[in-house]
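Numbering-wise, the working numbering comes out as the position in the sequence shown, counting from 1, plus 54. All C-beta atoms in this analysis are idealised placements derived from N, C-alpha and C, irrespective of residue type, glycine included. Right, one structure below, let's go through it.
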Amino acid sequence: MTEFPKQSGTERAWRRVCVTGSWLPDHAFVWAYWNGTMWNGFAVPMFTSQDACNLCAVMPSLVYVEARQAFLFEEGGETEWFHAAAQLVDGELLQLYSLGESWCWQLVDLSEVAI
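Right, dumping it as structure tokens:
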């Protein structure tokens, strides 16, 4: 996985990254936005609706619930809802989902991945 320098200040620039997690199938990764925020040494990405739907394809315990316009994670008796929040990305207001902000997301170095 790739190390990125920590950023300082209150406003951090969002950038497109690929992320993975140990709970995903081998070599599975999804696109996300990341502004350098870390939690316990792990990236805290945010996902567009399409990125999150791509994650659902490899993570059956995560589904989109149209009636709530939110993603639902259910596993081992735990239920967690993820709603969109507006984020300013390159001057455009995007609705991004913070899926598993306390999960152990790892950044993927695309130079090491056969796409």
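So the beta strand (DSSP E) residue i belongs to, where does it begin and stop?
{"i": "Ala140", "result": "Glu132 to Val143"}
{"i": "Gln123", "result": "First-last for Gln123: undefined, no H or E at that position."}
{"i": "Ala86", "result": "Val84 to Trp88"}
{"i": "Glu146", "result": "Glu146 to Tyr151"}
Along the alpha helix (DSSP H) that carries residue i, what are the first and last residues, could you check?
{"i": "Cys72", "result": "Note, Cys72: premise wrong, no alpha helix (DSSP H); beta strand (DSSP E) at Arg69 to Thr74."}
Does DSSP classify residue i as helix, strand or coil?
{"i": "Glu57", "result": "The predicted position of Glu57 is uncertain, since its pLDDT is 46 and thus under 50; no value can be drawn from it."}
{"i": "Val98", "result": "coil"}
{"i": "Leu109", "result": "helix"}
{"i": "Leu161", "result": "strand"}
Going by Cα to Cα distance, which pick from the options is closest to residue i?
{"i": "Gln123", "options": "Trp135, Gly131, Val112 and Glu129", "result": "Trp135"}
{"i": "Cys107", "options": "Leu147, Leu153 and Ala121", "result": "Leu153"}
Keeping to the same chain, check which residues put their C-beta closer than 7 Å to that of residue i; ignore five residues upstream and five downstream.
{"i": "Ser76", "result": "Cys158"}
{"i": "Leu78", "result": "Val112 and Met113"}
{"i": "Leu109", "result": "Val84, Phe101, Leu116 and Leu153"}
By Cβ distance, which residues of its chain are closer than 8 Å to residue i, with the 5 residues on each side in sequence left out?
{"i": "Cys72", "result": "Phe83, Val84, Trp85, Ala86, Leu161, Val162, Leu164 and Val167"}
Report all residues from its chain with a CB closer than 6 Å to the CB of residue i; omit the five preceding and five following residues, and keep chain order.
{"i": "Glu129", "result": "Ser115"}
At least 3 beta-carbon pairs within less than 8 Å: the stretch 157 to 167 vs the stretch 97 to 105: yes
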